[in-house]
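Protein chains: 2
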Amino acid sequence: MQVYEAPLRDMKFVLHELHNDDGFGNLEALAEFTPDLTDAILEEAAKVAQEVLLPLNRGGDAEGCILENGVVRTPTGFKEAYAMFRDGGWCALASDPQWGGQGLPESVNKMTEEMICAANVSFSLYPGLTHGGTTAIEGHASDELKQRFLPKMVSGEWSGTMCLTESHCGTDLGLLRTRAVPQDDGSYKLTGSKIFISAGEHDLTENIIHLVLARMPDAPAGVKGISLFLVPKYLPKDDGSVGPANGVSVSAIEHKMGLKASATCQLNFDDSVGWLVGKPHKGMEAMFTMMNTERVSVGVQGLGVGEAAYQSAVYYAKDRLQGRSLSGVKNPGGPADPIIVHPDVRRMLMTMRAYNEGCRAITAWVSRALDAEKHATDPEARQRAEDFVALMTPVVKALFTDLGFESANLAVQVYGGHGYIAESGVEQYVRDARIAMIYEGTNGIQALDLVGRKLPAHMGRYLRSFFHPVSTFIEANKADADLGKMVEGLEKAFGALQLSTATIAERGMRDPEEAAAAATDYTRLLGLVAMGYCFAKAAFVAQTALKGGTDEADFYKAKLATARFFFDRILPQATSAFLAIKSGKASMMALEAAAF
Amino acid sequence: MQVYEAPLRDMKFVLHELHNDDGFGNLEALAEFTPDLTDAILEEAAKVAQEVLLPLNRGGDAEGCILENGVVRTPTGFKEAYAMFRDGGWCALASDPQWGGQGLPESVNKMTEEMICAANVSFSLYPGLTHGGTTAIEGHASDELKQRFLPKMVSGEWSGTMCLTESHCGTDLGLLRTRAVPQDDGSYKLTGSKIFISAGEHDLTENIIHLVLARMPDAPAGVKGISLFLVPKYLPKDDGSVGPANGVSVSAIEHKMGLKASATCQLNFDDSVGWLVGKPHKGMEAMFTMMNTERVSVGVQGLGVGEAAYQSAVYYAKDRLQGRSLSGVKNPGGPADPIIVHPDVRRMLMTMRAYNEGCRAITAWVSRALDAEKHATDPEARQRAEDFVALMTPVVKALFTDLGFESANLAVQVYGGHGYIAESGVEQYVRDARIAMIYEGTNGIQALDLVGRKLPAHMGRYLRSFFHPVSTFIEANKADADLGKMVEGLEKAFGALQLSTATIAERGMRDPEEAAAAATDYTRLLGLVAMGYCFAKAAFVAQTALKGGTDEADFYKAKLATARFFFDRILPQATSAFLAIKSGKASMMALEAAAF
Numbered sequence: 001m002q003v004y005e006a007p008l009r010d011m012k013f014v015l016h017e018l019h020n021d022d023g024f025g026n027l028e029a030l031a032e033f034t035p036d037l038t039d040a041i042l043e044e045a046a047k048v049a050q051e052v053l054l055p056l057n058r059g060g061d062a063e064g065c066i067l068e069n070g071v072v073r074t075p076t077g078f079k080e081a082y083a084m085f086r087d088g089g090w091c092a093l094a095s096d097p098q099w100g101g102q103g104l105p106e107s108v109n110k111m112t113e114e115m116i117c118a119a120n121v122s123f124s125l126y127p128g129l130t131h132g133g134t135t136a137i138e139g140h141a142s143d144e145l146k147q148r149f150l151p152k153m154v155s156g157e158w159s160g161t162m163c164l165t166e167s168h169c170g171t172d173l174g175l176l177r178t179r180a181v182p183q184d185d186g187s188y189k190l191t192g193s194k195i196f197i198s199a200g201e202h203d204l205t206e207n208i209i210h211l212v213l214a215r216m217p218d219a220p221a222g223v224k225g226i227s228l229f230l231v232p233k234y235l236p237k238d239d240g241s242v243g244p245a246n247g248v249s250v251s252a253i254e255h256k257m258g259l260k261a262s263a264t265c266q267l268n269f270d271d272s273v274g275w276l277v278g279k280p281h282k283g284m285e286a287m288f289t290m291m292n293t294e295r296v297s298v299g300v301q302g303l304g305v306g307e308a309a310y311q312s313a314v315y316y317a318k319d320r321l322q323g324r325s326l327s328g329v330k331n332p333g334g335p336a337d338p339i340i341v342h343p344d345v346r347r348m349l350m351t352m353r354a355y356n357e358g359c360r361a362i363t364a365w366v367s368r369a370l371d372a373e374k375h376a377t378d379p380e381a382r383q384r385a386e387d388f389v390a391l392m393t394p395v396v397k398a399l400f401t402d403l404g405f406e407s408a409n410l411a412v413q414v415y416g417g418h419g420y421i422a423e424s425g426v427e428q429y430v431r432d433a434r435i436a437m438i439y440e441g442t443n444g445i446q447a448l449d450l451v452g453r454k455l456p457a458h459m460g461r462y463l464r465s466f467f468h469p470v471s472t473f474i475e476a477n478k479a480d481a482d483l484g485k486m487v488e489g490l491e492k493a494f495g496a497l498q499l500s501t502a503t504i505a506e507r508g509m510r511d512p513e514e515a516a517a518a519a520t521d522y523t524r525l526l527g528l529v530a531m532g533y534c535f536a537k538a539a540f541v542a543q544t545a546l547k548g549g550t551d552e553a554d555f556y557k558a559k560l561a562t563a564r565f566f567f568d569r570i571l572p573q574a575t576s577a578f579l580a581i582k583s584g585k586a587s588m589m590a591l592e593a594a595a596f
Numbered sequence: 001m002q003v004y005e006a007p008l009r010d011m012k013f014v015l016h017e018l019h020n021d022d023g024f025g026n027l028e029a030l031a032e033f034t035p036d037l038t039d040a041i042l043e044e045a046a047k048v049a050q051e052v053l054l055p056l057n058r059g060g061d062a063e064g065c066i067l068e069n070g071v072v073r074t075p076t077g078f079k080e081a082y083a084m085f086r087d088g089g090w091c092a093l094a095s096d097p098q099w100g101g102q103g104l105p106e107s108v109n110k111m112t113e114e115m116i117c118a119a120n121v122s123f124s125l126y127p128g129l130t131h132g133g134t135t136a137i138e139g140h141a142s143d144e145l146k147q148r149f150l151p152k153m154v155s156g157e158w159s160g161t162m163c164l165t166e167s168h169c170g171t172d173l174g175l176l177r178t179r180a181v182p183q184d185d186g187s188y189k190l191t192g193s194k195i196f197i198s199a200g201e202h203d204l205t206e207n208i209i210h211l212v213l214a215r216m217p218d219a220p221a222g223v224k225g226i227s228l229f230l231v232p233k234y235l236p237k238d239d240g241s242v243g244p245a246n247g248v249s250v251s252a253i254e255h256k257m258g259l260k261a262s263a264t265c266q267l268n269f270d271d272s273v274g275w276l277v278g279k280p281h282k283g284m285e286a287m288f289t290m291m292n293t294e295r296v297s298v299g300v301q302g303l304g305v306g307e308a309a310y311q312s313a314v315y316y317a318k319d320r321l322q323g324r325s326l327s328g329v330k331n332p333g334g335p336a337d338p339i340i341v342h343p344d345v346r347r348m349l350m351t352m353r354a355y356n357e358g359c360r361a362i363t364a365w366v367s368r369a370l371d372a373e374k375h376a377t378d379p380e381a382r383q384r385a386e387d388f389v390a391l392m393t394p395v396v397k398a399l400f401t402d403l404g405f406e407s408a409n410l411a412v413q414v415y416g417g418h419g420y421i422a423e424s425g426v427e428q429y430v431r432d433a434r435i436a437m438i439y440e441g442t443n444g445i446q447a448l449d450l451v452g453r454k455l456p457a458h459m460g461r462y463l464r465s466f467f468h469p470v471s472t473f474i475e476a477n478k479a480d481a482d483l484g485k486m487v488e489g490l491e492k493a494f495g496a497l498q499l500s501t502a503t504i505a506e507r508g509m510r511d512p513e514e515a516a517a518a519a520t521d522y523t524r525l526l527g528l529v530a531m532g533y534c535f536a537k538a539a540f541v542a543q544t545a546l547k548g549g550t551d552e553a554d555f556y557k558a559k560l561a562t563a564r565f566f567f568d569r570i571l572p573q574a575t576s577a578f579l580a581i582k583s584g585k586a587s588m589m590a591l592e593a594a595a596f
């Protein structure tokens, strides 16, 4: 059974209690968003997620999207839900007020994203992609394009897409073929085919604004010849209303493993009118603006599904009666004990719980940095925030989506045979979560981004934004009698991370394949240390609260217990990642391709 | 794209070269099955898998089974394929010649099972369940029942099922409610409902023989009051032909995550005539006879799907052009290099390869023991073989199905976005592989069986059948200049396993929850050591062959490379498993159920 109640208490914990000393300072520009106000927003968001979006999740999966006569019909209820969502102002929480957004801090926005994804990840893509699009337009488009498109997109009246992939090129966009021919009036005409376009066509909005990567006739080969264009489904009239169709057609929607209520389209552009966004041949730069925003959001998708899977598993583990506890009957009135009494079921539940709480704590930290890179007054703090965001974006994307998928699978395992049946709703989480490890750059690409771009950038400066707070915390707390064992675990994993960093830097200088061979394990190792740091800090906060006296002792005790579980059972993965990194590329690359 | 070619060379390697010194001796009773003969059988099986079953796999998934008017229709082509399979004598390779079987060694039979599962795991369940049924009947039924049912089942004319689960009880069969009322003629009348019955109803055979767990009126409560009954769909006439219907009806088939071409049925028994198999109230014993056979086979399912996923990923990795190799252009004539050049893609392919080769080597070892427990002339060898089978059955089931699922997911990851689309066929491997971690006892239950039953049995005697060859091998080879590093890795992991065993024994004595809390990690650890032992031995054999001169140098070199990769990249997981075990139950069990 799909069960979800937004984990508001934990969200408030990571927002208001955990990262106060993160070094980004008070962000005066966001002072109006007091804890009281943000908590009220989170509570409202929880209602939308739980009451509007969650009830459509199972049916959306079963029904899927349907393409008929060139029009995509979303599943029953999606149109009404989207209208309610849009009218409630949820489309553009974090957007600039200049375009009608509410200018909410990212730290709050990401928590609402988690809720929306937990309740209905397919639904989340319709407003989600729009948000990526507005970011690219805001960052790179002309004022005229901004005036014309941003207000409608920010309000959610029009939606957006990112049109990158073609059938022969995904990761390697340098190969793309869609052409953009300049016209006398400064516009372009685009022709080509794109695949895997989320929300490429649907019935939720009156217009869809495509951001399309294409090549001009004089473009240099490869990624240096790619430009970004804004191509609306319908050309807007001067009064802002929707005008004639623009030669964009949907030739098919994909039959996918999951995410069935999200329309994944093959789009044809046939002499479609578009306008350049950013500079000619600098499309990759503009694209990365939206891609980076999206990457953190895709990570949060993983967390959202992981949380929903966890709660659904807890529900079942308390409800399902099988066997008796090894430590004595717990449910003497019933024919058996609920399966939550069994250690191996606990192991699964605690693992999911630790993943979710750890990822949520990182989310709050990274989104504090997202806010600080915009609003910090101290230039050094702003720089540190930028560095930290750059470093952590691939980690958040890869780690959270890997763990979200793992949680979804653990939920199925808790349900046993019943979890394999569609009726239970939990196998949907597995299918829905699987894509997040792939899109917006596969997790392997995230790892290469981390190791190949982020580590060496500015002589390793990005990494300092992470290493510094971690080592400071370890030094300050390793003598703490209660936290000691956790800090010791953190210190050991952090040592392995430092050593791995040096190894990769040294070997990678000689041979870039050495860095690439270490990338995935290194990304996991860094992610585990980040989680470990957050859990050790959380334990510190919890312990302080408990010592000081609190009427929320249960919450803080549970936080401590989950932190201990993390150090006992999850962080040891750091050791195997370290050993794998150390082994180098030799055995990985030994076989000739023909030997496979 | 679903690609599969049976790995015959590796099968011959694990059958004929790897385990010659396994201590079970020459099995004279199987002397007629010379390598030449078994290889010829494997080659024929490969043809059936590749040419008959593989082509039906994708369509079977898309079409699924259909229930109409109480009759289940299998997907297009299944009926013809089954007829060909049955007429070819493939239903009963390993069955006793007394009942029309071919008496093939299990070591060969399991390799054919791997092929069948790789090509079409849904199909494999129809003959697979029959085999479990015949084992129970052979072991426990009266001569009259054997005479009446075994020949038809062994030939595949009739198929079988295992009817255990009811909606409120799966793992905890003590709760089951199906009743069996004795009749004057010595038969019983069964009434009740069963769920999740694989092959419970279909159109492949003229009769279906259900083996049903039920409770007699005078039965004691719990598992000690369960008996096993044989209940045919149609009552056979005296001449062996099919007679009147027997009150068994199918009320629904499940809509599942995968395995869609296998009919998973809800069956109602309504005063259905059945006969007791084994002694009254001793149904669990008889059921475990078929369950244990099935558990090894379910493990092999995981291996089969893992191998198909691996080959499909290799196909794509050689075909798909994206990006350029970091060590210089490899495909100068093309627009990009095939993705197999990229280290992170290699990491995924080598991981799958190592999993498959490691599991296949264990399969050959365990099935040699299955043969030896039947045919070894030396009673000590027979005892060792029995011990080894008892020990390894839960390991094979849990390890292989976990790794098969992981391989399926890695294949999707190699395909990227294309892997998430049904068209590619690889996401089907993920959905099909997922169930094997659940059915025939969840992998958590396997782990409890290992730690709670198999370790303590006979004062730890079972474990000696495994520890002895491993420690002997380590002692004999640790000084070997070429193998040294691998043996060192094995020795370290083996040390961790020994220490974990002692820890679990010691703590588990005081508190059984301590053993249960360690179970899953211990199972993985033991599995990794078993794989490590097989890889170190394989490296030894390969090295010896290369030193002696061979015209198959490529095969042996690849074997060495895969072994090195295993020790570099996979075996390090043993360390994290060890640390997790060491941490004990405290943090896992700390939270009150209400705190979840």
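So the protein lines, in turn, are chains A and B.
Take the first sequence: its letters are residues 1 to 596, numbered as in UniProt numbering.
Take the second sequence: its letters are residues 1 to 596, numbered as in UniProt numbering.
A virtual CB, placed ideally from N, CA and C, is assigned to each residue, including glycine.
Note that the structure is a prediction, hence the values are computed from the model and not measured.
- For Ile-226(B), there is no enclosing beta strand (DSSP E), since its DSSP letter is neither H nor E.
- Going by C-alpha positions, Ser-424(B) is about 22 Å away from His-255(B).
- Taking 8 Å as the upper bound for CB-CB distance, Ile-137(B) and Leu-230(B) are in contact here, some 7 Å apart.
- Residue burial annotation: Pro-217(A) is exposed, with fewer than 16 other C-beta atoms found within 10 angstroms of its C-beta.
- In this structure, Leu-176(B) is the residue among Ile-253(B), Lys-237(B), Gln-266(B) and Leu-176(B) with its C-alpha nearest to the C-alpha of Lys-224(B).
- Not one beta carbon of chain A lies nearer than 9 Å to the beta carbon of Val-121(B).
- Nearest C-alpha to Asn-268(B) among His-281(B), His-210(B) and Asp-319(B): His-210(B).
- By the rule that beta-carbons nearer than 9 Å mark a contact, Thr-171(A) touches chain B.
- In the three-state DSSP reduction, Asn-268(A) falls in the strand class (E or B).
- The beta-carbon separation of Gly-302(A) and Phe-405(A), rounded to 7 Å, stays under the 8 Å limit for a contact.
- In the pairwise beta carbon analysis, the stretch 84 to 93 of chain B is classified as not touching the stretch 351 to 363 of chain B: fewer than three pairs are separated by under 8 Å.
- In the DSSP assignment, the residues bridged to Ile-209(B) are Gly-160(B) and Pro-232(B).
- With respect to chain B, the C-beta atom of Leu-326(A) has a partner C-beta closer than 9 Å.
- Beyond the five residues adjoining it in sequence on each side, Val-487(B) comes within less than 7 Å, by CB distance, of Ile-474, Asn-477, Lys-478, Asp-480 and Ala-536 in the same chain, given in chain order.
- For Ile-435(A), the C-beta contacts it makes with chain B under 7 Å involve Tyr-420, in order along the chain.
- Met-509(B) counts as exposed, since fewer than 16 other beta carbons sit within 10 angstroms of its beta carbon.
- Taking 9 Å as the threshold, the shortest C-beta distance from Thr-575(B) to chain A falls below it.
- If you draw a straight line from the Cα of Ser-167(B) to the Cα of Ile-435(B), it comes to about 17 Å.
- Under DSSP, Ile-195(A) shares a beta bridge with no residue.
- Proximity of the stretch 534 to 548 of chain A to the stretch 584 to 592 of chain A falls short of the contact definition, fewer than three beta-carbon pairs being nearer than 8 Å.
- Taking 9 Å as the CB threshold, Lys-318(A) lines the interface with chain B.
- Ile-66(A) is bridged by DSSP to Arg-73(A).
- Looking at the backbone, the Cα of Asp-344(B) and that of Glu-5(B) are separated by about 24 Å.
- Separation of the CB atoms of His-131(B) and Thr-393(B) is rounded to 15 Å, and the pair is thereby denied contact status at 8 Å.
- Straight across, the Cα-Cα distance linking Met-290(A) with Glu-386(A) is about 15 Å.
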